[in-house]
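Trainee:
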Amino acid sequence: MTRPDETEWNRLSPWGIGTRVIKSIPSLIPALIGVFFLGRAVGPVFFVIAGVAISVLVGLLPWLTTRWRVTEDQLELRHGLVRRISATARRDRIRSVDVTAGPIERALSLRKVVVGTGVGGKESALVLDPIPAALAEQLGRDLLRRTAAPAAPSNPDLHAEGDNAPVTIPEPPEEELARLRPGWIRFAPFSLTGFAVVAAGAGIGFRIVDEAGLRERGSELAESWFARILDLGAAVIIPGAIVLIVVLSVLVSVVAYVLAFWGFRLVRRADGALHTTRGLISTVAATIERKRVRGVQLHEPVLMRIPGGAKLRAVATGTDRNPTLLPPAPRAEAVHVADAILGRRGAVETPLVAHGPMALRRRYTRAFLASVIPVAALIAVAVVVPGTWIWKILPLVGVVVVLGLAVLCARVRYANLGSVTDERLVIVGAGTVARTRTALEFDGVIGFVTTETFFQRRARVATLTVATAAGAFGAVDVTPSRAAATARTVEPEIVTPFLTGSGTAVSGA
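Take the sequence shown: its letters are residues 12 to 520, numbered as in our numbering.
Here you go:
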């Protein structure tokens with residue numbers, strides 16, 4: 012493969028002008044409505060013409076002012092009209108390459124490429140939007156390949172735009188780690204996404220009705236329907252409302268799952284990089300170098316544990332958040348993918364070592380403190396509110412239920428809390444109701460921090476924070492001796508000088 016002339020600069024795809032014009036159409040709808048109702052009056056027609064002209068100009072400027080090129084050592088980008096910006100990213104500093112496309116871009120075979128360097132977040136990312144799909148896919152591979160330089164394109168379609176870009180060459184075989192199966196859709200209803208969308212939609216709908224005065228305009232019709240609903244009685248209204256909310260939430264969750272994760276595929280390339288693709292209408296492709304991965308995180312939300320589902324995320328540097336390695340899927344599948352990435356069987360299933368009786372007591376203390384207000388309110392209702400004996404018993408039953416839930420939450424949080432180390436992994440379980448386990452490789456750990464609050468000092472426990480370049484993860488309410496032993500196991504040469512003879516860790520170790 013030959014390297015292109017480094018003096019040649021590439022443009023964005025000219026089809027990007029059209030995509031920006033199409034995306035601006037919704038902003039022209041008010042003017043179009045005015046033309047429809049008022050006829051060809053000067054005002055509405057002028058606004059339509061002006062809007063189209065501005066949209067074309069906005070789409071044309073990026074194509075005229077943006078240039079980019081890939082050399083053997085770096086990616087260079089120049090853009091801006093009044094304020095000219097030149098940005099570079101050394102290829103050995105590139106941490107991630109994301110290739111995305113909305114429905115319009117997919118129809119025109121265009122892609123948006125976001126190159127992350129892991130410094131400064133999204134603001135420092137280099138964005139090529141849009142470029143031809145074939146070129147984008149090739150860049151996604153070449154930019155993370157340190158030893159290969161991009162080559163001049165052999166595809167005449169790419170030359171039509173004046174691009175001097177890499178050719179598509181046969182890639183080494185990829186190892187497929189996971190692929191979406193239709194049966195995984197059954198996990199979608201067990202997320203809170205659908206309920207959140209339905210609740211937000213209902214709130215927005217009520218706000219629109221109130222602001223637009225629709226309640227007063229259609230008062231007779233609304234009152235008649237409201238009266239009919241009330242005539243059904245509470246025995247029908249309450250169960251019916253619950254069923255309606257559940258059905259809508261399930262439908263929204265399923266649709267959202269299909270739109271976001273349809274066609275999901277996780278592969279490991281020959282160079283070890285992890286590559287994911289997903290999306291039904293809008294597609295998202297992300298590539299993470301294996302050496303940037305510091306570990307994995309297995310997350311099992313409360314509801315998703317009912318059908319045995321879980322999600323898997325990567326703990327990786329150079330990303331704004333932990334990228335998804337597996338959407339809601341069978342837990343066994345998530346464990347299999349984690350094993351393949353970490354190179355160790357059963358890593359995320361390793362039994363955790365409990366943090367001791369003091370940690371359990373603190374879980375109970377927090378649970379009962381959180382239940383004080385609802386318990387007091389229920390007791391006040393039972394004492395103050397007049398009524399028959401049934402209205403006195405129901406609040407007391409509520410008190411028992413609240414206290415029972417507090418005990419259950421405390422037990423569940425303690426069961427999920429823990430930590431353990433093995434030959435090359437430190438595994439931390441978060442003390443939350445949702446089960447979350449984070450497995451971190453020793454090589455990715457850059458330090459430890461031991462912190463103690465006032466109440467933790469009284470209970471003789473501490474929080475051991477395992478610091479990595481991809482984030483910090485805490486082992487809560489662990490004994491100081493256990494924290495010292497964990498730190499010594501991971502980094503014996505560095506941590507041992509900070510440990511006292513009694514085996515306790517100093518804060519800031």
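All residues carry an ideal CB built from backbone N, CA and C; glycine is no exception.
Owing to the predicted nature of the structure, the values given are computational and were not obtained by experimental measurement.
(1) Using DSSP with H/G/I as helix, E/B as strand and the rest coil, what is E83?
(2) Who are the near neighbours of R373 in its chain, counting only those whose CB is closer than 7 Å to its CB and skipping five residues on each side?
(3) Cβ of V108 within 7 Å of Cβ of R122?
(4) What does the alpha-carbon distance come out to for the pair R279 and T287?
(5) Would you tell me roughly how many angstroms separate the C-alpha atoms of L203 and S264, rounded to the nearest one?
(6) Here's a check: name, in chain order, each residue in its chain whose Cβ is nearer than 8 Å to the Cβ of W26, leaving out the five neighbours to either side.
(7) Indicate the three-state DSSP secondary structure (helix, strand or coil) for T490 in the structure shown.
(8) Quick one: what's F466 bridged to in DSSP?
(9) What is the DSSP secondary structure of S430, counted as helix, strand or coil?
(10) Considering only the alpha carbon of each residue, which of R355, K403, A445 and H366 lies closest to T497?
(11) Closest to T479 by CA distance: which of V326, L371, A345 and T361 is it?
(12) Let me make sure I understand the geometry here. Which of E148, G151 and Q308 has the alpha-carbon closest to that of G440?
(13) Give the DSSP-derived three-state secondary structure of V108 in the structure shown.
(14) Does the region 389-409 come close enough to the region 353-369 that 3 or more CB-CB pairs lie under 8 Å?
(15) Note down the Cα distance separating V209 from V386, rounded to an integer number of angstroms.
(16) Excluding the 5 residues preceding and the 5 following S35 in the sequence, name in chain order all residues of the same chain whose CB lies nearer than 6 Å to its CB.
(17) Is it buried or exposed, T128, if we count other Cβ atoms within 10 angstroms and call 16 or more buried?
(18) Compute the Euclidean distance between the alpha carbons of V408 and V138, then round it to the nearest angstrom.
(19) On a CA-only basis, which of V501, L363 and K302 is nearest I457? Give me that one, please.
(20) Would you call E434 buried or exposed, if buried means 16 or more other Cβ atoms sit within 10 Å of its Cβ?
(21) For H286, does the three-state DSSP call read helix, strand or coil?
(22) Quick one: what's got a C-beta closer than 8 Å to I240's C-beta in the same chain, skipping five residues either side?
(23) Tell me the DSSP secondary structure of H310 in three-state form.
(24) Report yes if the C-beta of V263 is less than 6 Å from at least one heavy atom of the ligand PLP; otherwise report no.
(25) Quick one: using the 10 Å Cβ neighbour count with 16 as the cut-off for buried, is T464 buried or exposed?
(26) Could you tell me the alpha carbon to alpha carbon distance between W20 and G306, rounded to whole angstroms?
(27) Within this structure, are the beta carbons of G524 and L428 separated by less than 7 Å?
(28) Roughly how many angstroms separate the alpha carbons of F272 and L188, rounded to a whole number?
(29) Mapping the DSSP letters down to three states, classify R446 as helix, strand or coil.
Mentor: Let me spell this out:
(1) Stepping through the sequence shown from its first residue, residue 83 is reached at position 72. DSSP places E83 in coil when its eight states are reduced to three.
(2) By one-based count along the sequence shown, residue 373 stands at place 362. Closer than 7 Å at Cβ, skipping near neighbours: A470 and D488.
(3) Position 97 of the sequence shown, counted from the start, is the residue given in the question as residue 108. Position 111 of the sequence shown, counted from the start, is the residue given in the question as residue 122. No, the pair does not count as a contact, with Cβ atoms beyond the cut-off.
(4) Mapped onto the sequence shown, residue 279 falls at position 268. Mapped onto the sequence shown, residue 287 falls at position 276. Using only the alpha carbons, I get a separation of about 9 Å.
(5) Walking along the sequence shown from the start, residue 203 turns up at place 192. Walking along the sequence shown from the start, residue 264 turns up at place 253. Each residue's Cα considered, the two are about 8 Å apart.
(6) Counting from 1 along the sequence shown, the entry for residue 26 is found at position 15. L119, L121 and P141.
(7) Taking the sequence shown and counting its residues from 1, one reaches residue 490 at position 479. In the structure shown, T490 falls within a coil segment according to DSSP collapsed to helix, strand and coil.
(8) Numbered from 1 along the sequence shown, position 455 holds the residue referred to as residue 466. According to DSSP, F466 bridges with nothing at all.
(9) Residue 430 sits at position 419 when you count from the first residue of the sequence shown. Taken through DSSP and simplified to helix, strand or coil, S430 comes out as strand.
(10) Numbered from its first residue, the sequence shown carries residue 497 at position 486. Measuring from the Cα of T497, the nearest candidate turns out to be H366.
(11) Working through the sequence shown from its first residue, we reach residue 479 at position 468. Nearest neighbour of T479 by Cα position, chosen from V326, L371, A345 and T361, turns out to be V326.
(12) Here residue 440 refers to the residue found at position 429 of the sequence shown. Nearest C-alpha to G440: Q308.
(13) Residue numbering aside, residue 108 sits at position 97 when the sequence shown is read from its first letter. DSSP, reduced to helix, strand and coil, places V108 within a strand of the structure shown.
(14) Using a Cβ-Cβ distance cut-off of 8 Å, the region 353-369 and the region 389-409 are not in contact, since fewer than three pairs of beta carbons, one from each stretch, lie closer than that value.
(15) Here residue 209 refers to the residue found at position 198 when the sequence shown is read from its first residue. Here residue 386 refers to the residue found at position 375 when the sequence shown is read from its first residue. Near 30 Å, if we compare the C-alpha coordinates of V386 and V209.
(16) Start at 1 with the first residue of the sequence shown, and residue 35 comes out as number 24. So the qualifying residues of the chain are S66.
(17) As a working note, residue 128 is residue 117 in the sequence shown. That one is buried.
(18) If you number the sequence shown from 1, residue 408 lands on position 397. If you number the sequence shown from 1, residue 138 lands on position 127. Between V408 and V138, the alpha-carbon positions lie close to 59 Å from each other.
(19) Numbered from 1 along the sequence shown, position 446 holds the residue referred to as residue 457. Proximity to I457 across V501, L363 and K302 peaks at V501, based on C-alpha coordinates.
(20) Locating residue 434 in the sequence shown gives position 423, counting from the first residue. By the beta-carbon neighbour count (other beta carbons within 10 angstroms, threshold 16), E434 is exposed.
(21) Position 275 of the sequence shown, counting from 1, holds the residue named residue 286. H286: strand per DSSP, three-state reduction.
(22) Along the sequence shown, one-based indexing puts residue 240 at 229. Its chain contains I248 as the residues whose beta carbon lies nearer than 8 Å to that of I240, once the 5 sequence neighbours on both sides are disregarded; these appear in chain order.
(23) Taking the sequence shown and counting its residues from 1, one reaches residue 310 at position 299. H310 falls in the strand class under three-state DSSP.
(24) The ligand PLP is absent from the structure shown, which contains no ligands of any kind.
(25) On the sequence shown, residue 464 is found 453 positions in, with the first residue counted as 1. Exposed, since its Cβ has fewer than 16 Cβ neighbours within 10 Å.
(26) On the sequence shown, residue 20 is found 9 positions in, with the first residue counted as 1. On the sequence shown, residue 306 is found 295 positions in, with the first residue counted as 1. Straight through space, the alpha carbons of G306 and W20 are spaced by roughly 38 Å.
(27) Since the first residue of the chain shown is 12 and the last is 520, residue 524 is not available in this structure.
(28) Here the question's residue 272 lines up with position 261 in the sequence shown. Here the question's residue 188 lines up with position 177 in the sequence shown. Roughly 16 Å separates the two Cα atoms.
(29) Here residue 446 refers to the residue found at position 435 when the sequence shown is read from its first residue. In this structure, R446 counts as strand in the three-state DSSP scheme.
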